[in-house]
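What follows is one structure encoded as structure tokens, with my remarks underneath.
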Amino acid sequence: MEKPQEEILRATGLSKTFRLSAKQQKIERTKDRERVAVDQLSFSAYSNEIYGLLGPNGAGKTTTLRMLATLIKPDSGDALVAGKSIVREPEQVRAHIGFLTSELKLEDFFTPNYLFDFFASLHAVVPERAAAQKKALFERFGIDEFAEVKVGNLSTGMKQKASLVISLVHDPDIIIFDEPTNGLDVITAKVVTDYLYELRGQGKTIILSTHIFSLVERLCDRVGIIIDGRMVADGSLAAICQGKCLEERFFDLYVKEAGEVA
Amino acid sequence: MGIRKPTANSKAQSGFMAVMKKELKRFFTDRRMVLTTILFPGLMIYLLYTVMGSALSSFTTVDEGYVPQVYAVGLPGSLEPLTGSAGLEFQAIDEGQVDAIKESIQNKEADLLLVFSPGFADLVADRLAGKTDALGTTPPSVELYFNSTRTESSNAYGTMAGILGAYKDASFPLFTVNAGDQTFDLASERDTAGFLFSSLLPMLMMLFLFSGSMAVAPESISGEKERGTIATMLVTPLKRWELALGKVVSISCIALLGGMSSFIGIMMSLPNLLGSLPEGANATLYSFGDYALLLLVILSTVLVFIGFISIISAWAKTVKEAGSLVMPLMILVMLVGAMAMFSQSAQQGLLFYLIPVYNSVQCMVGIFSFTSAPLAVAVTIGVNLLVSAACVFVLTKMLSSEKVIFAR
Ligand SMILES: Nc1ncnc2c1ncn2[C@@H]1O[C@H](COP(=O)(O)OP(=O)(O)OP(=O)(O)O)[C@@H](O)[C@H]1O
Ligand SMILES: [Mg+2]
Chain V
29 MEKPQEEILR
39 ATGLSKTFRL
49 SAKQQKIERT
59 KDRERVAVDQ
69 LSFSAYSNEI
79 YGLLGPNGAG
89 KTTTLRMLAT
99 LIKPDSGDAL
109 VAGKSIVREP
119 EQVRAHIGFL
129 TSELKLEDFF
139 TPNYLFDFFA
149 SLHAVVPERA
159 AAQKKALFER
169 FGIDEFAEVK
179 VGNLSTGMKQ
189 KASLVISLVH
199 DPDIIIFDEP
209 TNGLDVITAK
219 VVTDYLYELR
229 GQGKTIILST
239 HIFSLVERLC
249 DRVGIIIDGR
259 MVADGSLAAI
269 CQGKCLEERF
279 FDLYVKEAGE
289 VA
Chain C
964 MGIRKPTANS
974 KAQSGFMAVM
984 KKELKRFFTD
994 RRMVLTTILF
1004 PGLMIYLLYT
1014 VMGSALSSFT
1024 TVDEGYVPQV
1034 YAVGLPGSLE
1044 PLTGSAGLEF
1054 QAIDEGQVDA
1064 IKESIQNKEA
1074 DLLLVFSPGF
1084 ADLVADRLAG
1094 KTDALGTTPP
1104 SVELYFNSTR
1114 TESSNAYGTM
1124 AGILGAYKDA
1134 SFPLFTVNAG
1144 DQTFDLASER
1154 DTAGFLFSSL
1164 LPMLMMLFLF
1174 SGSMAVAPES
1184 ISGEKERGTI
1194 ATMLVTPLKR
1204 WELALGKVVS
1214 ISCIALLGGM
1224 SSFIGIMMSL
1234 PNLLGSLPEG
1244 ANATLYSFGD
1254 YALLLLVILS
1264 TVLVFIGFIS
1274 IISAWAKTVK
1284 EAGSLVMPLM
1294 ILVMLVGAMA
1304 MFSQSAQQGL
1314 LFYLIPVYNS
1324 VQCMVGIFSF
1334 TSAPLAVAVT
1344 IGVNLLVSAA
1354 CVFVLTKMLS
1364 SEKVIFAR
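Protein sequences, first through last, are from chains V and C.
Going by our numbering, the first residue of the first sequence is number 29, and it counts up by one from there.
Going by our numbering, the first residue of the second sequence is number 964, and it counts up by one from there.
Below is the structure:
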């Protein structure tokens, strides 16, 4: 049933360095003026695939995904998303991706119904198609009952579902998802991950970031392990694990890269 | 039903329109926001000025039926008919009671005490008759005792002093000043009213337009940034300039409505504030053309205000921070507005109309005082549109900047 895989995304040598403000230096108790958040990161993702970026806090996962979503520009390197450069053609990249993170919020004042239509028009989706997509997705996630409730009055889980649905208004081929299960209860988390699996079945590419090993093991076809902004391992789950469990392999790599686990 | 092709052009249009519509919907479906930014300003100004006006006038008026308590020592009979017509009634007293009356004037129980020098009427008559020996002596005198902290007392004093002055002039004129019934102030009623409006309204308008802008722009820009909802739009193909322009235009519409509500509030409360206005000083003083010009000037001014405040709001991390960053600008605008109170007519030099804010004030002075030059108004509107376009450009750049959107 699955279509043959093709390369949909290719990142080459992505790097990002942040200048630290005095305030940030104080908070993080460091004298460094700069922080290398992402360091020469390269990887590829294919259709019919869920690719996981796995790494501890501060590894640079969010920064990487933001670069792919064209919200921030890499200092060097580039990535082709559906054949479009994130550096030179950011607008076209945005037309092909759905980006979802807990930091991107929906306005509390509006209803899911209104916001779906609003984002559909930002994506220039033909109204009939948007309506069909809305009906299908709202039913699928049980949002239809809450379609006219202001986002501010929705539960956390329902808000997250609404965000997910709205990030998919334009039926993107590539879905970029930062910490998909963060802050969700097990039931809502399962609804979300099941849906990601379903999207994978439709031939889409899903790139997600997480620090949860079980999520990667359960969901991902391939995984890239990021430590301190560098890709220390990249490949199919089986190739990375080499018979061990993922957690064990991760700590092997971590000790090799960063020394002792403090 | 045609299928809308997502060509660059149709997309651009729909993005801008979508942002506009969203902003306006956000505002107009929120009853509290509509009340606080559009209805309340006008209503508050009307109530405030009306209350202020009646408080002010109560300082200077007394109850209509009030009869002042006036006492006199040695009142000449020839004066009585004059005073009667002015509504003053005298109680004759003798010299022994003077101190007691003075005390009650001090205690605000009595209003006025007149003490005529002995033989007042005869001495006046002698001097009128030109008796030379009378001219060499000290003239007869009247002493008026009153209490300036009691309105009734100082009113009675004013009336009496006026009567005595007129009596003196009439009996022995050296020369007269403005005697007669003709109008000596040759300013037309229109100019008098225009002068009044042009010294008051520009400053008030600037104040209300600015505070109207401040009520909406930080909320819409810093607020969305603070709540993380602006980034959600930034991951769509929406162009940054569409977002910037959509925000500026829609917020300006709202701020303009707030400003108009304030203007109506001022016009309606002005008669109450100033007590009585000069003849013809009301909203009908100005023609439709004047109002149309005024509206254009106001509109372009609001665009400039919103442009400036939007940039500050995009820079700020929170609505609160935006509020405090805008304060210096607000003070500047107020100062420039206050300068209008001292200008007789609009600035003549065209170069002055290249300065935003100042040009708006001068245009309003010009329109209200009937001294505006069409070219100056045109320059002002042009400059303001250019400035706001530049602001939209800067805002576009800011919205594209990760440092602005993801500032830590
Ligand atoms: N805008 C910024 N300014 C300064 N430093 C930043 C900025 N964004 C991220 N960083 C720093 O870059 C590093 C990588 O951050 P990033 O958020 O990408 O990590 P992450 O892998 O997503 O971590 P987490 O699991 O905690 O979400 C961190 O040290 C972070 O403090
Ligand atoms: Mg993160």
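Note that the Cβ used here is the ideal one computed from N, Cα and C, for glycine as well.
DSSP beta-bridge partners for V/Arg61?
For the purposes of this step, residue 61 of chain V is taken as residue 33 along the first sequence, with counting starting at 1. V/Arg61 is not bridged to any residue.
In chain V, what lies closer than 8 Å to C/Leu1220 by C-beta?
Taking the second sequence and counting its residues from 1, one reaches residue 1220 of chain C at position 257. Within 8 Å Cβ-Cβ: nothing; C/Leu1220 doesn't reach chain V, min ~19 Å.
By a C-beta neighbour count over all protein chains shown, 10 Å radius and 16 as the cutoff for buried, is C/Ile1217 buried or exposed?
As a working mapping, residue 1217 of chain C is identified with position 254 in the second sequence. With 16 or more other Cβ atoms within 10 Å, it is buried.
C-alpha distance - C/Glu1365 paired with C/Ala1277, whole-angstrom precision
Within the second sequence, the letter at position 402 stands for residue 1365 of chain C. Within the second sequence, the letter at position 314 stands for residue 1277 of chain C. Using only the alpha carbons, I get a separation of about 12 Å.
Simplified DSSP assignment, three categories, for C/Asp1148
Position 185 of the second sequence, counted from the first residue, corresponds to residue 1148 of chain C. Coil.
Could you name the residues of chain C that V/Ile100 contacts, counting a contact when the two beta carbons are closer than 8 Å?
Numbered from 1 along the first sequence, position 72 holds the residue referred to as residue 100 of chain V. Under the 8 Å cutoff, chain C gives Glu1365, Phe1369.
Cα-Cα, which of C/Ile1274, C/Pro1081, C/Gly1221 is closest to C/Ser1351?
By 1-based counting over the second sequence, the position of residue 1351 of chain C is 388. It is C/Ile1274 whose Cα lies nearest to the Cα of C/Ser1351.
For ligand 2, which residues count as neighbours when the test is a C-beta closer than 7 Å to any heavy atom?
Going along the chain, the residues that qualify are V/Lys89, V/Thr90, V/Asp206, V/Glu207, V/Ser237.
Beta carbon of V/Asn85: closer than 6 Å to some heavy atom of ligand 4?
Here the bound small molecules are ligand 1 and ligand 2; ligand 4 is not part of this structure.
contact_flag[the stretch 1099-1111 of chain C, the stretch 1076-1084 of chain C] where n(CB pairs < 8 Å) is 3 or more
yes
Can you list, in chain order, the residues of its chain whose CB lies under 7 Å from that of C/Ser1213, leaving out five sequence neighbours each side?
The count along the second sequence starts at 1 and reaches residue 1213 of chain C at position 250. Counting only Cβ-Cβ distances below 7 Å, and skipping sequence neighbours, we find Met983, Glu986, Leu987.
CB contact flag (C/Phe979, C/Leu1256, <7 Å):
Translated into positions along the second sequence, residue 979 of chain C becomes position 16. Translated into positions along the second sequence, residue 1256 of chain C becomes position 293. No, these two residues do not count as a Cβ contact at 7 Å.
Check this for me: beta carbons of V/Lys89 and V/Ser237, under 7 Å apart or not?
The sequence position of residue 89 of chain V within the first sequence is 61, counting from 1. The sequence position of residue 237 of chain V within the first sequence is 209, counting from 1. Cβ distance < 7 Å, so V/Lys89 and V/Ser237 count as in contact.
Report the rounded CA-to-CA distance for C/Ser1250 versus C/Val1320, giving the unit in angstroms.
Counting from one through the second sequence, the residue named residue 1250 of chain C turns up at place 287. Counting from one through the second sequence, the residue named residue 1320 of chain C turns up at place 357. Answer to the nearest angstrom: the Cα atoms are 24 Å apart.
Rounded to a whole number of angstroms, what is the C-alpha to C-alpha distance between C/Asn1070 and C/Thr1112?
Within the second sequence, residue 1070 of chain C is the residue found at index 107, counting from 1. Within the second sequence, residue 1112 of chain C is the residue found at index 149, counting from 1. Approximately 10 Å between the Cα atoms of the pair.
Checking the sheet assignment: what are the DSSP bridge partners for C/Glu1106?
Walking along the second sequence from the start, residue 1106 of chain C turns up at place 143. Looking at the DSSP assignment, C/Glu1106 forms a beta bridge with C/Val1078.
Based on Cα-Cα distance, which residue from C/Leu1042, C/Ala1035, C/Phe1268, C/Gln1054 lies nearest to C/Leu1170?
Along the second sequence, read from residue 1 onward, the residue named residue 1170 of chain C stands at position 207. Nearest option by C-alpha distance: C/Phe1268.
So, V/Pro140 versus V/Ala97, is the Cβ gap smaller than 7 Å?
Taking the first residue of the first sequence as 1, we reach residue 140 of chain V at position 112. Taking the first residue of the first sequence as 1, we reach residue 97 of chain V at position 69. Contact annotation: V/Pro140 and V/Ala97 have beta-carbon atoms that are not nearer than 7 Å.
If you scan the stretch 30-59 of chain V from start to end, which runs of the beta strand (DSSP E) of 3 or more residues do you find wholly inside it?
35-47
contact_flag[the stretch 197-213 of chain V, the stretch 151-159 of chain V] where n(CB pairs < 8 Å) is 3 or more:
Yes: at least three Cβ pairs fall under 8 Å.
Can you say whether V/Lys51 is buried or exposed, counting buried as having 16 or more other CB atoms within 10 angstroms of its CB?
Position 23 of the first sequence holds residue 51 of chain V. By the 10 Å Cβ count, V/Lys51 comes out exposed.
Determine whether the beta carbon atoms of C/Val1340 and C/Cys1326 lie at a separation below 7 Å.
As a working mapping, residue 1340 of chain C is identified with position 377 in the second sequence. As a working mapping, residue 1326 of chain C is identified with position 363 in the second sequence. Yes.
Between C/Arg1371 and ligand 1, is there a pair consisting of the residue's CB and a ligand heavy atom that are separated by less than 6 Å?
Along the second sequence, one-based indexing puts residue 1371 of chain C at 408. Indeed, a heavy atom of ligand 1 lies less than 6 Å from the Cβ.
Proximal residues, the stretch 38-55 of chain V versus chain C, C-beta separation under 7 Å:
Ser49, Gln52
Looking at V/Ile194 and V/Gly247, is the spacing between their C-beta atoms short of 7 Å?
As a working note, residue 247 of chain V is residue 219 in the first sequence. As a working note, residue 194 of chain V is residue 166 in the first sequence. In the sequence as displayed, the identity of residue 247 of chain V is Leu instead of Gly. Cβ distance not < 7 Å, so V/Leu247 and V/Ile194 don't count as in contact.
What residues in the stretch 1170-1197 of chain C bring their beta carbon closer than 7 Å to a beta carbon of chain V?
So the close ones are Arg1190, Gly1191, Thr1192, Ala1194, Thr1195, Met1196, Leu1197.
Using only alpha-carbon positions, find the residue among C/Leu1167, C/Met1168, C/Phe1226, C/Ala1119 that is nearest to C/Gly1005.
Translated into the one-based positions of the second sequence, residue 1005 of chain C becomes position 42. Of the candidates C/Leu1167, C/Met1168, C/Phe1226, C/Ala1119, the one whose C-alpha sits nearest the C-alpha of C/Gly1005 is C/Phe1226.
With distances taken Cα to Cα, identify the nearest neighbour of C/Ala1124 among C/Leu1313, C/Leu1201, C/Phe1083, C/Ala1049.
On the second sequence, position 161 is the one that residue 1124 of chain C refers to. Selected option, being the one with the closest Cα: C/Ala1049.
Can you pull the chain C residues whose beta carbon is under 7 Å from the beta carbon of V/Ala122, in chain order?
The count along the first sequence starts at 1 and reaches residue 122 of chain V at position 94. Looking at the sequence provided, one finds Arg at residue 122 of chain V rather than Ala. Under the 7 Å cutoff, chain C gives Val1198, Thr1199, Pro1200.
Let me confirm a value: V/Asp145 is counted as buried when at least 16 other C-beta atoms fall within 10 Å, else exposed. Which label applies?
As a first step, residue 145 of chain V must be located in the first sequence, where it is residue number 117. Buried, since its Cβ has 16 or more Cβ neighbours within 10 Å.
Please state whether DSSP places V/Glu77 in a helix, a strand or coil.
The residue given as residue 77 of chain V occupies position 49 in the first sequence. Here V/Glu77 sits in strand by DSSP.
Using 6 Å as the cut-off, classify the Cβ of V/Phe46 as near or not near the heavy atoms of ligand 1, replying yes or no.
Residue mapping note: residue 46 of chain V aligns to position 18 of the first sequence, counting from 1. It does: the Cβ of V/Phe46 is within 6 Å (strictly closer) of some heavy atom of ligand 1.
Contact list for V/Leu69 against chain C, beta-carbon separation under 9 Å
Here the question's residue 69 of chain V lines up with position 41 in the first sequence. Correct list: empty, because the minimum Cβ distance to chain C is about 17 Å.
Who are the neighbours of C/Ser977 on chain V, taking C-beta pairs under 9 Å?
Taking the second sequence and counting its residues from 1, one reaches residue 977 of chain C at position 14. Those are Ser149, Leu150, Ala152, listed as they occur along chain V.
Distance, V/Ser104 Cα to V/Ala261 Cα
Position 233 of the first sequence, counted from the first residue, corresponds to residue 261 of chain V. Position 76 of the first sequence, counted from the first residue, corresponds to residue 104 of chain V. Cα to Cα, V/Ala261 sits roughly 21 Å from V/Ser104.
Distance CB(V/Ile234)-CB(V/Ile125) smaller than 7 Å:
Translated into the one-based positions of the first sequence, residue 234 of chain V becomes position 206. Translated into the one-based positions of the first sequence, residue 125 of chain V becomes position 97. No, Cβ-Cβ distance for V/Ile234 and V/Ile125 is not below 7 Å.
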